[in-house]
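Undergrad: All you need for our numbering is the position in the sequence shown, starting with 1, plus 2.
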Amino acid sequence: MTKLLIAVMASAALARSQNPQGVPENAVTRVSEHVYAIVGFPNIAIVVGSRATLVVDTGMGPRNGAVIVREAQKLAKAPALYLTTTHFHPEHATGEQAFPPQTILIRPVAQQDEMDRRGAEYIQLFSSRSAQNKELLQNVKLRPPDLVFDREIKLDLGGVTARLFWLGAAHTKGDELIFVEEDSVLIPGDLVQNKLVPNMPNEDASAQGWLAILDQLETLHARLVVPDHGALGDGSLVAQERAFLADLQGRARALERQGVSADEAGRMLTTEFQSKYPDWTNLGPLANVVRRVYAESR
Ligand SMILES: [Zn+2]
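1) Residues around ligand 1, please: the ones whose beta-carbon is closer than 7 Å to some heavy atom of it, in chain order.
2) Could you round the C-beta distance between V25 and V69 to whole angstroms and report it? I think they count as a contact, below 8 Å.
3) Less than 8 Å between the CB atoms is what I'm expecting for A267 and L257, so what's the real figure, rounded?
4) Strictly by DSSP, which residues pair up with F90?
5) Taking the alpha carbon of I125 as the point to measure from, which residue in A54, Q140, V292 and L159 has its own alpha carbon closest?
6) The beta strand (DSSP E) spanning V30 covers which residue range?
7) Measuring only the C-alpha atoms, how far is Q20 from H94?
8) What residues match up with R131 in a beta bridge as DSSP calls it?
9) So what's L56 in DSSP terms, helix, strand or just coil?
10) So is V283 buried or exposed if we call it buried at 16+ other beta carbons inside 10 Å?
11) Tell me the DSSP bridge mates of V110?
12) Could you check where the alpha helix (DSSP H) with E258 kicks off and where it finishes?
13) Do you know how far the Cα of V30 is from the Cα of T87?
14) Excluding the five sequence neighbours on either side, which residues of its own chain have a C-beta within less than 8 Å of the C-beta of A80, listed in chain order?
15) I'd like to know whether the C-beta atoms of A254 and V295 end up nearer to each other than 9 Å.
16) Jot down the residue ranges of each uninterrupted beta strand (DSSP E) in the segment 167–209, minimum 3 residues, whole runs only, in chain order.
17) Just reading off the beta strand (DSSP E) that S47 is part of, what are its end residues?
18) Let me confirm a value: S277 is counted as buried when at least 16 other C-beta atoms fall within 10 Å, else exposed. Which label applies?
19) Does the Cβ of D281 have 16 or more other Cβ atoms within 10 Å, making it buried, or fewer, making it exposed?
20) Per DSSP, which one or two residues make a beta bridge with L85?
21) Excluding five sequence neighbours on each side, which residues of the same chain lie with their C-beta closer than 7 Å to the C-beta of E116?
22) Between which two residues does the beta strand (DSSP E) containing A39 stretch?
23) Alpha carbon to alpha carbon, what distance is there between F167 and R109?
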């Protein structure tokens, strides 16, 4: 692991302890020639070209959004600003009103659809979790996208190209992935993380879809990965994520064939994976993955 990544991981831990639901000010890390990251909750990626800047994700609520706008403006080489969101969950999309009016907001059709159907429900849900969330999510106004795409759109930012693409449901129905071609940096939203169990909160998530997407991401041979949560890493995170999820899917299917209930399998595999993957710190979301595997085998 490079010195840079170790430094990023250390600053990530610090940022989280200072502001558990936020994006820290003055904490931009350079990831590659054109890509920068703010490590926080969630991590934010900023891609800077000579013609335009692309921001990936907004932070939770307008106050976090405003931090990101300030950092993006410091880095930008030209006034044109694109904004995209990896999925509709509040910490990734509800800061959008803080962005200047001329910002071009881009999303996959599937994600916008999901935002229209469930965006308000998730703002309520997140608000109910803590007083801090509630305050951050007060007066959120979602703005309509300026540009939507079905499968893929390529942005020429000037000397650097960002591919924005949608490959189907995984964490949500509308997960978007971004690949910065010249720098070989993958910005995978929640789909590739560093030793964090895949989060499948409800019936819109798909273990099968997630694995199929990881197969396609492996063909990119990304050099670096900027996940939305947790520590940044190199391209090996894709294979690591795939191996964990495939192992879990295989074990869940085996228990299902033996007639074990989904709930019981969730408990058994949480214990089993705790000893098998000791450095994966939070196995709380594992039982939900098992539920999805069971639902998908029917
Ligand atoms: Zn999410």
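Cβ atoms here follow ideal geometry from the backbone N, Cα and C, with glycine treated the same way. Computed from a predicted structure; not experimentally measured.
TA: According to the structure data:
1) Sorted by position in the chain, H89, H91, H94, H173, T174, D192 and N201 make up the residues whose C-beta lies under 7 Å from a heavy atom of ligand 1.
2) In this structure V25 touches V69 by the C-beta definition: roughly 5 Å separates them, less than 8 Å.
3) Indeed, because the Cβ distance is near 4 Å, the residues count as touching under 8 Å.
4) In the DSSP output, where bridge partners are listed per residue, F90 has none listed.
5) Q140
6) V30 to R32
7) Low confidence applies here, because Q20 scores a pLDDT of 49, under 50, leaving its location unreliable and the question unanswered by this model.
8) Per DSSP, none; premise fails for R131.
9) strand
10) Checking the sequence, you will find Thr at residue 283 rather than Val. So T283 counts as exposed.
11) Inspection of the sequence shows that residue 110 is occupied by Pro rather than by Val. Answer by DSSP bridge pairing, in chain order: F151.
12) Boundaries of the alpha helix (DSSP H) harbouring E258: S238 to R259, taken from the DSSP string.
13) 19 Å
14) G51, S52, R53, A54, T55 and G160
15) yes
16) Runs of the beta strand (DSSP E) inside the segment 167–209: 178–182 and 187–189.
17) For the sequence presented, residue 47 should be read as Ala rather than Ser. Here the beta strand (DSSP E) through A47 covers I46 to V50.
18) exposed
19) exposed
20) V57 and L107
21) If we look at E116 and ignore the five residues flanking it on each side, its Cβ neighbours are F90, T174, K175 and G176.
22) V37 to I40
23) 9 Å
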